[in-house]
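Below you'll find the structure, written out as structure tokens, and then a few comments.
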Amino acid sequence: MLKLTNIRKTYTVGDLSVDALRGVSLEFRDNEFVSILGPSGCGKTTTLNIIGGLDRYTSGDLIINGRSTREYTDSDWDTYRNHSVGFVFQSYNLIPHQTILANVELALTLSGVSKAERHRRAKEALEQVGLTDHMHKRPNQLSGGQMQRVAIARALINNPDILLADEPTGALDSETSVQVMDLLREVAKDRLVIMVTHNPELAQAYSTRIIQLKDGEVIADSNPYESQEDAPALTGKEAKAGKKTSMSFPTALSLSLNNLMTKKGRTFLTAFAGSIGIIGIALILSLSSGINTYITKVQQDTLTSYPITIEAESVDMTSMLTSLMGVSDEEDSGAPREEDRVYVSNVMYDMMDSMMNAETVTNNLKAFKEYLEEGGGGITDLAQVYYGYDFKFDIYNKDPDGKVVKSDVMSAMETAMGSLYGGDYTDYFNSMGSMYESFDVWQELLPGEDGQLVSSQVLDQHELLYGHWPEEYNQVILFVDDNNQVSDLMLYALGLVSVDEMNETLAALQAGEEVEVEDQSWSYEELCQTQFKLLLPYERYQYDANTNTYTDLSATQTGLEMLYNSNQTGITLQVVGVARSGSNGGMMSGSLGYTNALTQYAIDHTADSQLVKDQLANPDTDVITNLPFRQEGDTEPTDQEKAQAIGEYLLTLDAQSQAEAYVDGMSQPSQQYVDDTVDAQMANITREDIEKMISQEYAAQMGVDAATLDEYIAGMSDEELFAQVEEAMAAQIKEQYAAAAKEQLSALPAAQLSAMLAQAVEQGPNDQGLSLEQFVYLYDNYMPPTHSDSTYQDNLDLMGYIDLESPSSISLYADTFKEKDKIADLITAYNQQVAEEDQISYTDYVALLMSSITDIISGVSYLLIGFVSISLVVSSIMIGIITYISVLERTKEIGILRAVGASKKDVSRVFNAETLIVGLGAGVLGIVVTMLLNIPINAAIHAVTGLTELSAALPPVGGAILVAISAILTILAGLIPARLAAKKDPVEALRSE
Numbered sequence: 005m006l007k008l009t010n011i012r013k014t015y016t017v018g019d020l021s022v023d024a025l026r027g028v029s030l031e032f033r034d035n036e037f038v039s040i041l042g043p044s045g046c047g048k049t050t051t052l053n054i055i056g057g058l059d060r061y062t063s064g065d066l067i068i069n070g071r072s073t074r075e076y077t078d079s080d081w082d083t084y085r086n087h088s089v090g091f092v093f094q095s096y097n098l099i100p101h102q103t104i105l106a107n108v109e110l111a112l113t114l115s116g117v118s119k120a121e122r123h124r125r126a127k128e129a130l131e132q133v134g135l136t137d138h139m140h141k142r143p144n145q146l147s148g149g150q151m152q153r154v155a156i157a158r159a160l161i162n163n164p165d166i167l168l169a170d171e172p173t174g175a176l177d178s179e180t181s182v183q184v185m186d187l188l189r190e191v192a193k194d195r196l197v198i199m200v201t202h203n204p205e206l207a208q209a210y211s212t213r214i215i216q217l218k219d220g221e222v223i224a225d226s227n228p229y230e231s232q233e234d235a236p237a238l239t240g241k242e243a244k245a246g247k248k249t250s251m252s253f254p255t256a257l258s259l260s261l262n263n264l265m266t267k268k269g270r271t272f273l274t275a276f277a278g279s280i281g282i283i284g285i286a287l288i289l290s291l292s293s294g295i296n297t298y299i300t301k302v303q304q305d306t307l308t309s310y311p312i313t314i315e316a317e318s319v320d321m322t323s324m325l326t327s328l329m330g331v332s333d334e335e336d337s338g339a340p341r342e343e344d345r346v347y348v349s350n351v352m353y354d355m356m357d358s359m360m361n362a363e364t365v366t367n368n369l370k371a372f373k374e375y376l377e378e379g380g381g382g383i384t385d386l387a388q389v390y391y392g393y394d395f396k397f398d399i400y401n402k403d404p405d406g407k408v409v410k411s412d413v414m415s416a417m418e419t420a421m422g423s424l425y426g427g428d429y430t431d432y433f434n435s436m437g438s439m440y441e442s443f444d445v446w447q448e449l450l451p452g453e454d455g456q457l458v459s460s461q462v463l464d465q466h467e468l469l470y471g472h473w474p475e476e477y478n479q480v481i482l483f484v485d486d487n488n489q490v491s492d493l494m495l496y497a498l499g500l501v502s503v504d505e506m507n508e509t510l511a512a513l514q515a516g517e518e519v520e521v522e523d524q525s526w527s528y529e530e531l532c533q534t535q536f537k538l539l540l541p542y543e544r545y546q547y548d549a550n551t552n553t554y555t556d557l558s559a560t561q562t563g564l565e566m567l568y569n570s571n572q573t574g575i576t577l578q579v580v581g582v583a584r585s586g587s588n589g590g591m592m593s594g595s596l597g598y599t600n601a602l603t604q605y606a607i608d609h610t611a612d613s614q615l616v617k618d619q620l621a622n623p624d625t626d627v628i629t630n631l632p633f634r635q636e637g638d639t640e641p642t643d644q645e646k647a648q649a650i651g652e653y654l655l656t657l658d659a660q661s662q663a664e665a666y667v668d669g670m671s672q673p674s675q676q677y678v679d680d681t682v683d684a685q686m687a688n689i690t691r692e693d694i695e696k697m698i699s700q701e702y703a704a705q706m707g708v709d710a711a712t713l714d715e716y717i718a719g720m721s722d723e724e725l726f727a728q729v730e731e732a733m734a735a736q737i738k739e740q741y742a743a744a745a746k747e748q749l750s751a752l753p754a755a756q757l758s759a760m761l762a763q764a765v766e767q768g769p770n771d772q773g774l775s776l777e778q779f780v781y782l783y784d785n786y787m788p789p790t791h792s793d794s795t796y797q798d799n800l801d802l803m804g805y806i807d808l809e810s811p812s813s814i815s816l817y818a819d820t821f822k823e824k825d826k827i828a829d830l831i832t833a834y835n836q837q838v839a840e841e842d843q844i845s846y847t848d849y850v851a852l853l854m855s856s857i858t859d860i861i862s863g864v865s866y867l868l869i870g871f872v873s874i875s876l877v878v879s880s881i882m883i884g885i886i887t888y889i890s891v892l893e894r895t896k897e898i899g900i901l902r903a904v905g906a907s908k909k910d911v912s913r914v915f916n917a918e919t920l921i922v923g924l925g926a927g928v929l930g931i932v933v934t935m936l937l938n939i940p941i942n943a944a945i946h947a948v949t950g951l952t953e954l955s956a957a958l959p960p961v962g963g964a965i966l967v968a969i970s971a972i973l974t975i976l977a978g979l980i981p982a983r984l985a986a987k988k989d990p991v992e993a994l995r996s997e
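Given below as structure tokens:
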């Protein structure tokens, strides 16, 4: 079964070669007790190691069961050692951190034997060697003889064909040696036992065959054997050892865990060091998660109260918001850039382009309202629906000086700008009004269900401080912030600051004077005595039966005061309570809240007014001016038609008015005259003449020195300079012509001028009287309107008429962002089933802005995690070093594993399992420490910020990922030490201490 053919083994150390075996040829019987004797260094142990597959021969052949081992791979040798060979060593070579039972089971774990079967066979083996009562002890709790019997039991556990014993009695006393030898002799009855010994007496007493070696050669064999079969040894695939061995990962974990438990202190410190990086990252994640959770809660509690608002007509400012947030186009950001050049980021251009070219979005809310009233595909189940109407509330009160003022910030700003800079800023604020929406004084309260005037959402988000919530349509409530304050901008609108006082303060600030701000306050009772007057739009107009027109009384301060003080006009509004917003704000951005009942009252009474009824009955006529509206087919009259029309009109005027009109018309030079005069004057003028003229004549008038003016002019091109001079010259020519004409004609009496006008009208446009250009000028400046400048719809809007079937906005109030998302999906579904012109478009600006905040928090968190990760990598490297130290400490264990058939992969798996355990331990420890540290951290956050809802909390998924990352990094760090362990020579490893 076992045959050595001319085996040679040469060890090479540097340039020196030593022959340990020199052509050893031996053949063994299937069952015999062979002792190999010889002096130290003669090759006994080398022969034993080659037979056991621990060492490789240099030349020759080792034939096992008729199979050559020349082409054996590492895997084949592992299988051979595990299935065919059992080792008994002089120094026992038991794994100290494993129990006796586990040591004996070790070889079976590589053979794929089930756990129950391993236990059974190991117990039987220990029973055979008389150690049943010691199976749960560790090797250091046994005597030398007992440990050697454990080694024999381990060698026999896989029922090997060959038992190799290397000085099995060398470390035992005589009595124990006899017991061990008796045991080996018993074993040799049914298998081959080869023993290396220095004791010839034991060899003579127990062996059936004694082989003597000297200088690597066989010098004597007491019972040689040579088989009679001449069949050649099998080679190639036919010579393979059979089923491969493999250690299961749980076994590797068990070995490593037991080893780590023998060094609890070092293992804990290693795991703690490895957990430092995990703790840092986990704390950052905890804070980030806590902040994001808090923001989410704020969104759910407060921001979600701002509805999805769909407007009939709006300007899409998404692009501008994106520009303000610094988000550039993906294409621009991805364009190639040269390293040595500076490029422009078009933030200002993008923002201005977005503002100037913002798309106007229109929505068919009439059709969408009908859809919602039919159920809305489930939208009404997810949100409270509120229909808004663009009813213009003109609410007035009296300031401390008794002056009637409009109760809104826009009016205050218009008054302030007019006082500071002069002029009328009404058009400016009408066009830029959306910028001041956050300063709204008046805001409608969200109505509740079942006819309640105020919704539960409003009640929940605001604390009632005094009085009660509105219970009637003409009752309003005042809102203050969480510090019981109202903005100073609101004082004017609330009638608490006079117009003169505000203007004086602004003028002082503009002059750079220091203004002392007085700390003012009012009691709840004082504020609840405040009254306002709502004038409905139609009430401003008074009918004039003589002209069949209407006059706007509010256009004058006197008329406004008359309307305000009249008991026949307006609705008196009474403040009945004071409410406070929470620290997170609330859905009421205004300072005064009125109910939807007031809106409905105003809409109904407006629709029932005589003015609105008249306008509805006459859609082609502006009932205010009693002029027809321009129709779609109407065209602008020609210059000839204008001349004829203005001529007929001028003849209806009195003589004085005709004289004034004639003088004004004759004072207008023709454009041809102006152009010719300018060309004549500019014919011989050069740039130098212009620069000299401007420098001398205009520097003093403009209040600048000549050098500054010259520098400015020098920066202008010839085209720009000449164009400006020609424009100024044309204006001067017109002025001089008009002055000369008026001086000449003013000397004539009005009757003569009137006659001259009549003659000019009779003759028509000509060069002797009034020219066509002069007739057109008179038409543009003297002809009374023939059509209304308004439109039918504009008039209805001006009168405050509202069609309840066509809301100006629809607001959908959801409780959570999840419901908002579902509503968005349902709106998308609605858009897919209607025509393109009826599709709904909207933007949830609050969600857009808040998403950027969470992105910023996440970005900062990732940056901090990146820095902390450095410590995690350093910790992993340290664990790798400690694993290498463990490899050095467990070198003998490596040899033992290889001796029982463990492959290089199995050895590597053992140390990978160790690093995995350390990594998992570090990760779990880091998570536990983080959870403990979060307790004082949260206490500090609550104490410093006062935000009890803001708490650091590690997400479970994040904690699990961190533990996994810790394990992966430590495994990676331990790959090199594990590979070094796998490459260790088993013979050298067994010799280590």
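The numbering used here numbers the first residue of the sequence shown as 5 and each following residue consecutively. Here a beta-carbon is modelled for each residue, glycine too, at the ideal position from N, C-alpha and C.
Residue(s) in a DSSP beta bridge with residue i
i: V22; result: Y15
i: Y390; result: S815
i: E221; result: K218
i: T576; result: K537
i: T212; result: T212 is not bridged to any residue.
i: A977; result: Answer by DSSP bridge pairing: none, since A977 is not bridged.
Where the alpha helix (DSSP H) containing residue i begins and where it ends
i: W81; result: D78 to S88
i: T49; result: K48 to G56
i: M803; result: Y796 to M803
i: S260; result: F253 to M265
i: D784; result: L776 to Y786
i: H123; result: K119 to Q132
i: N144; result: First-last for N144: undefined, no H or E at that position.
i: Y666; result: A659 to M670
i: K410; result: Unbroken run through K410 is the beta strand (DSSP E), V408 to K410; no alpha helix (DSSP H).
8 Å Cβ shell around residue i - same chain, five flanking residues per side excluded
i: V133; result: R153, V154, I156, A157 and L187
i: L557; result: R544, Y545, Q546, G563, L564, M566 and L567
Neighbourhood of residue i by C-beta, 6 Å cutoff - its chain only, sequence neighbours within 5 removed
i: R584; result: E467, L469 and V484
i: W81; result: G57
i: F32; result: L6 and L196
Exposure label - residue i; buried when at least 16 CB within 10 Å
i: T795; result: exposed
i: D194; result: exposed
i: H87; result: buried
i: D793; result: exposed
i: A903; result: buried
i: S178; result: exposed
i: T949; result: exposed
i: M199; result: buried
i: R204; result: Sequence inspection shows Pro at residue 204; the Arg mentioned does not correspond to that position. Looking at its Cβ environment, which holds fewer than 16 other Cβ atoms inside 10 Å, P204 is exposed.
i: R85; result: buried
Contacting residues, own chain, Cβ-Cβ under 7 Å from residue i (five flanking each side not counted)
i: Y781; result: G669 and Q672
i: G294; result: L954, S955, A956 and A957
N- and C-terminal bounds of the beta strand (DSSP E) containing residue i
i: V904; result: Premise fails: V904 is in no beta strand (DSSP E) and is neither H nor E.
Given 8 Å as the limit, is there contact between the segment 259–277 and the segment 96–105, that is, 3 or more CB pairs closer than that?
yes
Does the segment 914–922 come close enough to the segment 971–983 that 3 or more CB-CB pairs lie under 8 Å?
yes
Counting pairs of Cβ atoms below 8 Å between the segment 372–382 and the segment 499–509, do you hit three or more?
no
Validate contact between the segment 567–578 and the segment 451–461 using beta carbons, cut 8 Å, 3 pairs:
no
Can you confirm whether the segment 169–184 touches the segment 10–29 when touching is taken to mean that 3 or more C-beta pairs between the two stretches lie within less than 8 Å?
no
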